[in-house]
Amino acid sequence: MTVRGEEISVAAAINEALSEAMSQDAGVICYGLGATDPKRIFGTTAGLVERFGRERVFDMPTSENAMTGVAIGASLAGIRPVMTHQRLDFFLLALDQLVNAGAKWHYMFGGQRSVPITIRLVLGRGWGQGPTHSQNLHAWFAHIPGLKVVMPTTADDAKGLLIESIFDPNPVVFIEHRWLHSSIAKVPRGNYRVPIGKARVMRRGHDLTIASMSYMTVEAIHAAEYLAQRCQVSAEVIDLRTIRPLDWPLVMESVHRTGRLLTLDSGFTTGSVAGEVVARVSMELFDSLNCAPRRLAMPDIPEPTSPALTRGFYVHAGKIVNEVLKMLNKPLIDIDRDLPEATPHDVPGTWFKGPF
Amino acid sequence: MIHLDVGLRLRLFRTMHRIRLVDEEIASRYAQGKMRCPTHLSTGQEGVPAAIAECLRRDDFAVSTHRGHAHYLAKGGNLRAMLAEIYGKVSGCARGKGGSMHLVDTSVGFMGTSAIVGNSIPIGVGLALAADLKGTDQVSCVFFGDGATEEGAYYESVNFAAVRKLPVLFVCENNLYSVYSPLSVRQPLGRSIAKVAESLGLRTHVGDGNDALGVYKSTAAAVEAIRSDSRPWLLEFSVYRWREHCGPNLDNDLGYRTETEFAHWKALEPISQMRDSLKASGVAVDDIERQMLAELRAEVDEAFHFAESSPFPNREEAYSGEYA
Chain Z
59 MTVRGEEISV AAAINEALSE AMSQDAGVIC YGLGATDPKR IFGTTAGLVE
109 RFGRERVFDM PTSENAMTGV AIGASLAGIR PVMTHQRLDF FLLALDQLVN
159 AGAKWHYMFG GQRSVPITIR LVLGRGWGQG PTHSQNLHAW FAHIPGLKVV
209 MPTTADDAKG LLIESIFDPN PVVFIEHRWL HSSIAKVPRG NYRVPIGKAR
259 VMRRGHDLTI ASMSYMTVEA IHAAEYLAQR CQVSAEVIDL RTIRPLDWPL
309 VMESVHRTGR LLTLDSGFTT GSVAGEVVAR VSMELFDSLN CAPRRLAMPD
359 IPEPTSPALT RGFYVHAGKI VNEVLKMLNK PLIDIDRDLP EATPHDVPGT
409 WFKGPF
Chain L
28 MIHLDVGLRL RLFRTMHRIR LVDEEIASRY AQGKMRCPTH LSTGQEGVPA
78 AIAECLRRDD FAVSTHRGHA HYLAKGGNLR AMLAEIYGKV SGCARGKGGS
128 MHLVDTSVGF MGTSAIVGNS IPIGVGLALA ADLKGTDQVS CVFFGDGATE
178 EGAYYESVNF AAVRKLPVLF VCENNLYSVY SPLSVRQPLG RSIAKVAESL
228 GLRTHVGDGN DALGVYKSTA AAVEAIRSDS RPWLLEFSVY RWREHCGPNL
278 DNDLGYRTET EFAHWKALEP ISQMRDSLKA SGVAVDDIER QMLAELRAEV
328 DEAFHFAESS PFPNREEAYS GEYA
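As they're listed, the protein sequences go chains Z and L.
Going by my numbering, the first residue of the first sequence is number 59, and it counts up by one from there.
Going by my numbering, the first residue of the second sequence is number 28, and it counts up by one from there.
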């Protein structure tokens with residue numbers, strides 16, 4: 059991309075992507091609970107209703123399931139809906155429409171029509187979000203044939219992938235981590251596109267491959283920097299960016315070269331995308347592996363609310379570093395002394411004061 | 028005046044016969060084992076689809092349910108493609124990937140059917156939203172049964188159609204049963220589906236689904252109103268399914284409904300009613316019907332022949348088409 063951009067946040071990049079897509083195509087509409095309210099979904103829908111009007115940008119009834127079906131129906135007649143939910147957990151009410159209709163339509167009706175909808179889901183961790191406001195269930199969507207599932211980490215990828223998702227002819231679940239909304243990167247202006255299904259090498263390395271997604275990639279990068287500076291370990295960090303379809307060639311090439319794989323996941327351990335990557339790499343590259351692959355993900359237990367209960371609960375850079383050192387048979391660090399969990403541990407930064 | 032609508036009544040008569048002939052032929056051939064998918068027949072319920080479709084334009088949208096053959100055919104869906112689909116053939120309307128419960132013919136605005144109760148209702152509302160956004164005067168017709176009115180998606184959809192003022196024609200064919208569960212165990216005695224919809228903001232009408240001409244008249248008025256003010260209606264019609272919930276057989280032996288009830292509804296069936304009404308208007312209906320049935324029989328036989336003689340899809344096709 060030759061057009062130079064400015065440093066903006068993920069939330070602003072998403073806002074730019076929506077604006078860009080809506081100005082390119084009058085068929086793009088944007089709705090969700092809060093899309094036009096004073097807070098504008100963490101600022102991501104700011105200015106849209108003023109610019110594109112109430113027909114195309116609207117708040118909606120608290121009807122997640124039917125409003126997903128409405129998006130599907132509208133898309134069958136040439137509209138490109140973008141629907142947003144401030145918490146993924148609420149979207150569980152819409153799984154019938156997403157799985158039984160949206161994901162199946164193109165296949166089930168012999169390829170006659172496709173469903174170009176984009177569902178924006180926000181997930182996260184911390185701030186006492188607790189058992190039903192913090193679930194990272196992206197693996198569920200990655201399990202469903204017919205869906206594309208995108209999980210950007212950086213602001214430039216968030217913009218490029220969102221525009222690409224909106225104009226993709228298939229249903230795309232676009233997952234935003236709440237802790238990334240304020241993270242900043244240089245983002246190209248205008249119609250910037252990033253292809254779906256392509257992972258990104260965030261850092262080159264030769265001792266092992268860390269495959270990660272969304273916010274976990276941030277922790278992976280911190281870990282890789284520590285490993286390089288303090289432990290003479292060169293870790294390659296791959297940001298998957300799309301978890302369905304997953305960029306297997308890039309993952310395989312990297313692990314083939316490094317001989318070691320650690321996968322990270324912001325979701326529960328069992329049935330995670332991290333587990334899927336371990337399985338497939340083990341099956342296809344067993345002879346190239348210098349040690350057993352490992353994965354780090356959330357414990358298989360609901361996320362509790364109290365900050366006392368979430369101390370040490372999350373995967374963070376220190377845990378990643380020690381997992382890598384185990385794989386390399388190197389002495390472990392003292393996490394609490396050398397690379398402790400942030401204090402406070404339950405916010406993306408000390409500036410974050412909630413409420414959600 | 029009464030003779031002015033003879034042409035209309037004959038068209039309804041013909042459409043109902045055509046639907047019945049197709050579904051009864053499916054029933055009679057089903058045991059051959061060549062139609063290898065769950066199949067929900069509409070025998071006895073032909074009146075509503077025939078009359079509703081008569082009020083819709085080709086470019087109006089319709090979506091339907093697992094029991095969707097009648098709606099597909101009435102809206103103008105291709106008969107050969109439907110039968111080929113049920114036979115699992117590549118010439119089927121979904122290339123053998125959908126079967127009886129997933130019928131589609133976008134060339135006539137028949138946008139799809141769903142095997143999940145209530146699933147196609149919001150999709151029909153979304154089609155109306157598209158028409159509204161594009162400023163067309165298309166109507167979106169959503170067919171469903173009484174069981175679907177117990178699903179959350181139904182209330183959510185009705186509510187959105189009302190608040191956004193969308194051109195939706197909700198059509199509830201109340202056949203009293205959800206599979207084998209009677210209305211009495213599912214909804215409180217005396218509650219009216221139409222009254223509930225009215226309280227949610229729809230204009231409604233309740234009618235006799237066996238009286239095809241009556242269905243036509245109330246639908247024509249509703250569709251005209253929707254086209255002029257782009258606001259939704261709900262029509263509820265009483266109907267009765269003759270055959271088992273799913274499959275080709277009669278199932279009164281199961282004991283979930285009585286022979287008396289069955290006989291009561293069968294006596295009211297829509298094709299006989301229309302025949303009587305035409306006779307009363309002095310139409311030589313016997314000759315017309317004989318000729319009509321001969322023509323329809325030839326068409327249906329030919330369509331079955333097409334379906335049976337069409338090739339199956341290649342095995343590799345199973346693995347294509349996940350994405351557009």
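Built from N, CA and C at the ideal position, the CB exists for glycine as well.
Keep in mind that this is a model prediction, so the values were computed, not measured.
query	result
List in chain order: all unbroken beta strand (DSSP E) runs of 3+ residues lying wholly within the segment 169-247 of chain L.	195-201 and 230-235
Using only the alpha-carbon positions, how far apart do T401 of chain Z and S240 of chain Z sit?	18 Å
May I have the straight-line CA-CA distance separating P303 of chain Z from Q82 of chain Z, to the nearest angstrom?	26 Å
Would you list the residues sitting across from V86 of chain Z in a DSSP beta bridge?	Z:R138
Can you say whether H332 of chain L is buried or exposed, counting buried as having 16 or more other CB atoms within 10 angstroms of its CB?	exposed
Find the residues of chain Z that neighbour V152 of chain L, judging by a C-beta separation of less than 8 Å, and give them in chain order.	A124, G127, V128 and G131
Does any residue of chain L have a CB that is nearer than 8 Å to the CB of G169 of chain Z?	yes
May I ask whether a heavy atom of the ligand ZN can be found less than 7 Å away from the beta carbon of F289 of chain L?	Looking for the ligand ZN in the displayed structure turns up nothing, as the structure carries no ligands at all.
Have a look at G248 of chain Z and T231 of chain L and give me their C-alpha separation to the nearest angstrom.	49 Å
Closer than 8 Å, CB to CB, is A248 of chain L near chain Z or not?	no
Quick one: what does DSSP say L156 of chain L is sitting in, helix, strand or coil?	helix
What are the start and end residues of the beta strand (DSSP E) that includes V415 of chain Z?	There is simply no residue 415 of chain Z to check, as chain Z begins at 59 and stops at 414 in what is shown.
Is the beta carbon of L354 of chain Z less than 8 Å from the beta carbon of V336 of chain Z?	no
Would you call the CB atoms of S223 of chain Z and Y273 of chain Z closer than 8 Å?	no
Check whether the Cβ atoms of P7 of chain L and I113 of chain L lie closer than 8 Å to each other.	Look at the range of chain L in this structure, 28 to 351, and you will see that residue 7 of chain L is not part of it.
Can you check which of these residues, Z:F110, Z:F148, Z:H403 and Z:I268, is closest to E291 of chain Z by C-alpha distance?	In the sequence on display, residue 291 of chain Z carries Val and not Glu. Ranking the options by Cα distance to V291 of chain Z, first place goes to Z:I268.
Under the three-state reduction of DSSP, which class applies to E277 of chain Z: helix, strand or coil?	helix
Under 8 Å between C-beta atoms, does A321 of chain L make it to chain Z?	no
Decide if M28 of chain L is buried, meaning its Cβ has at least 16 other Cβ atoms within 10 Å, or exposed.	With a pLDDT of 48 at M28 of chain L, under the threshold of 50, the modelled position of that residue is not reliable, and the figure given next carries that caveat. The residue is exposed, with fewer than 16 neighbouring Cβ atoms inside 10 Å.
Taking the C-alpha atoms as reference points, what is the distance between D297 of chain Z and K217 of chain Z?	16 Å
Please name the residue in Z:G160, Z:I279 and Z:P210 whose C-alpha comes closest to that of S67 of chain Z.	Z:P210
Would a C-beta distance cut-off of 8 Å place L181 of chain Z and L146 of chain Z closer than the cut-off?	yes
Please determine, among Z:T300, Z:W237, Z:N158 and Z:P119, the residue with the shortest C-alpha to C-alpha distance to K256 of chain Z.	Z:T300
Quick check: the Cα distance between A70 of chain Z and L238 of chain Z, rounded to an integer number of angstroms?	11 Å
Which residues mark the beginning and the end of the beta strand (DSSP E) in which M118 of chain Z is found?	Element bounds for M118 of chain Z: n/a, residue is neither H nor E.
To the nearest whole angstrom, what separates the beta carbons of T92 of chain L and S147 of chain L, a pair I think is in contact under 8 Å?	6 Å
Pull up the DSSP beta-bridge partners for K206 of chain Z, would you.	Z:V230
Closest to V327 of chain L by CA distance: which of L:R36, L:L48, L:G34 and L:L39 is it?	L:L48
What are the boundary residues of the beta strand (DSSP E) that includes T267 of chain Z?	L266 to S270
If contacts are defined as beta-carbon pairs under 8 Å, then A189 of chain L and L240 of chain L qualify, I think. What distance do you get, rounded to the angstrom?	Not really, about 29 Å apart at Cβ, beyond 8 Å.
Less than 6 Å between C-beta atoms, sequence neighbours within five positions excluded: which residues of the same chain meet that for V280 of chain Z?	The residue asked about is misnamed: residue 280 of chain Z is His in this sequence, not Val. Here the set comprises A375.
From M43 of chain L to L262 of chain L, what distance separates their C-alpha atoms?	19 Å
Determine the contact status of V140 of chain Z and R178 of chain Z, defining contact as a CB-CB distance below 8 Å.	yes
For A111 of chain L and L216 of chain L, I'd like the C-alpha separation in whole angstroms.	42 Å
Look at the alpha carbon of E152 of chain L and the alpha carbon of F88 of chain L, and state the distance between them as a whole number of angstroms.	Here the sequence assigns Val to residue 152 of chain L, which means Glu is not the residue at that position. Answer to the nearest angstrom: the Cα atoms are 10 Å apart.
Runs of 3 residues minimum, wholly inside the segment 74-135 of chain L: which ones carry the beta strand (DSSP E) assignment?	88-91
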